[in-house]
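Enquirer: Structure in structure tokens, see below.
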Amino acid sequence: MTRPARSTAGHPRTFTAAGLMALLPMASLAQSLPQAARPGDCFARIAQPPVFEQQTERIEVAEASERVEVTPAEYEWTEETIVVRPASERVVEVRPAEYRSVEERVMVSPASERLEEVPARFRTEAVQEQVKPATRVWKPGRGAIERVDHVSGEVLCLVEEPAVYRTVSRQVLVTPATTRRVAVPAEYQIVHRQELVRPAETRVETLPAQTETVRVRTLVRPAQERRVTVPARYETLTREVEVSPSRVDWHPVLCNTNAHQQTILALQRALQRAGFDPGKIDGKLGQMTYRAVARYQRANGLPTGGITFDTLDRLGVATGRGDQA
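Going by my numbering, the sequence shown runs without a break in its numbering and finishes at 1216.
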């Protein structure tokens, strides 16, 4: 939606007929402004909201389909004799078998050999180990010439210091480690076992079948299905359709040039009664008054962009003139 131009004061910019003559080319004025404008009239570009009308439409919300109705199966209970255990034969022992206990020597482990490890043998010997070799060092000494100053008189002797040894013990191998074969004799165990002396004597007996009467659920009529056609379902919806789009036209408006103080006071009081705060009731078209008018126009679906005479008529403010086209 096109909105009117804003001035630095925050309210819509309005023009007198003379001002529009100065701002617009003559050809443009002739096409857009009302020809019946009089000196002192003010005009503003007013946004006309789009016009809507309600239309009803029948829409399909559910397609035609089929519904399956199932008739359950029918059963009945009957009695039936069933075989619980079939006929069979049984072996009956007439005389048991006879056994005797026999001792038997059984080898549980055969003769074998095993390897035994013979560890190495060592002896301990004392060995002299040199810690420090013999050395020759110069050491200060005393002689016939005594030292009288720091330059002369110093005596040095070359002394041989003997080597230093220590006694340590060490293991000396006498016999290396080896193995030897040891014979392991076989192991035997005395066991007792049962030995059959005379087998058992038996005879065969026939066992009759064992039956039982039970209740059985028998199918009388199987389940059936039936397809039922379900018609389509429709709903009527109401929606708003735009009949004419929004537009911006020049309309005569109330401004500081053509408005009397009494008219502005009546406008401010009417806005206050309608619940739209115009600010201070001072008879001046200030920023808060313009904002209150804009809120009133939006709340009542009126064109916005200036204080039109339609808005004044809706508020019940007398202007002393009719609407200007």
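Each residue gets a CB set at the ideal place from its N, CA and C atoms; glycine is no exception.
Quick one, which of Leu1193, Gly1207, Gly1197, Asp1201 has its alpha-carbon nearest Val942's?
Expert: Leu1193
Enquirer: Under a Cβ-count criterion, where at least 16 other Cβ atoms within 10 Å of its own Cβ denotes burial, should Ala935 be classed as buried or exposed?
Expert: buried
Enquirer: Flag this pair as touching only if the stretch 957-970 and the stretch 1127-1136 have three or more C-beta atom pairs under 8 Å; answer yes or no.
Expert: no
Enquirer: Rounded to whole angstroms, what is the Cα-Cα separation between Leu1176 and Gln939?
Expert: Cα to Cα, the separation comes out at about 23 Å.
Enquirer: Looking only at DSSP bridge pairs, what is Ser956 linked to?
Expert: For Ser956, which the question treats as bridged, DSSP gives the partners Val1121.
Enquirer: Could you give the distance in angstroms between the alpha-carbon of Glu1078 and the alpha-carbon of Met998?
Expert: 6 Å
Enquirer: Identify which residue in Glu1133, His1151, Ser1000 has its Cα closest to the Cα of Pro1076.
Expert: Ser1000
Enquirer: With the cut-off set at 8 Å, would you say Tyr1187 and Ala1165 are in Cβ contact?
Expert: yes
Enquirer: Could you say if the stretch 1002-1012 and the stretch 1136-1151 meet the contact criterion of at least three C-beta pairs nearer than 8 Å?
Expert: no
Enquirer: Helix, strand or coil for Thr1154? Go by DSSP, reduced to three states.
Expert: helix
Enquirer: Rounded C-beta distance between Leu1087 and Ser979? I'm assuming under 8 Å.
Expert: Leu1087 to Ser979, Cβ: 28 Å. No contact.
Enquirer: Under a three-way DSSP split, which group does Asp1140 fall into?
Expert: In this structure, Asp1140 counts as strand in the three-state DSSP scheme.
Enquirer: Helix or strand or just coil, what does DSSP make of Arg1014?
Expert: strand
Enquirer: Just grab the DSSP bridge partners of Leu1110 for me.
Expert: Leu1110 is bridged by DSSP to Tyr966.
Enquirer: Would the stretch 1023-1032 and the stretch 1046-1059 be scored as touching if the rule is three or more Cβ pairs under 8 Å?
Expert: yes
Enquirer: Could you tell me the distance, in whole angstroms, from the CA atom of Arg1094 to the CA atom of Arg991?
Expert: 24 Å
Enquirer: Along the chain, which unbroken stretches of the beta strand (DSSP E) at least 3 residues long are found entirely within the stretch 1035-1105?
Expert: 1047-1052, 1055-1066, 1069-1075, 1078-1089, 1092-1098
Enquirer: Do the CB positions of Val975 and Thr1104 come within less than 8 Å of each other?
Expert: Going by C-beta atoms, Val975 is not nearer than 8 Å to Thr1104.
Enquirer: If you draw a straight line from the alpha carbon of Leu915 to that of Trp1141, how long is it in whole angstroms?
Expert: Low local confidence applies: a pLDDT of 44 at Leu915 is under 50, so the model's placement there is unreliable, with the coordinate-based value given in what follows. In a straight line, the C-alpha of Leu915 is about 13 Å away from that of Trp1141.
Enquirer: Please work out which residues of its chain come closer than 7 Å, Cβ to Cβ, to Glu995, disregarding the five sequence neighbours upstream and downstream, and give them in chain order.
Expert: Val1082, Arg1084
Enquirer: If you count every other CB in all the chains shown that lies within 10 Å of the CB of Ile1285, and 16 or more means buried, which is it?
Expert: Beyond the ends of the chain as shown, which are 892 and 1216, falls residue 1285; an answer cannot be given.
Enquirer: Please classify Arg1186: does DSSP put it in a helix, a strand, or coil?
Expert: helix
Enquirer: So what's Thr1180 in DSSP terms, helix, strand or just coil?
Expert: helix
Enquirer: Could you spell out where the beta strand (DSSP E) holding Thr1217 opens and where it closes?
Expert: Here the chain covers residues 892 to 1216 and nothing more, so residue 1217 does not appear.
Enquirer: Taking Cβ to Cβ, would you say Thr1066 is nearer than 8 Å to Ala1017?
Expert: no
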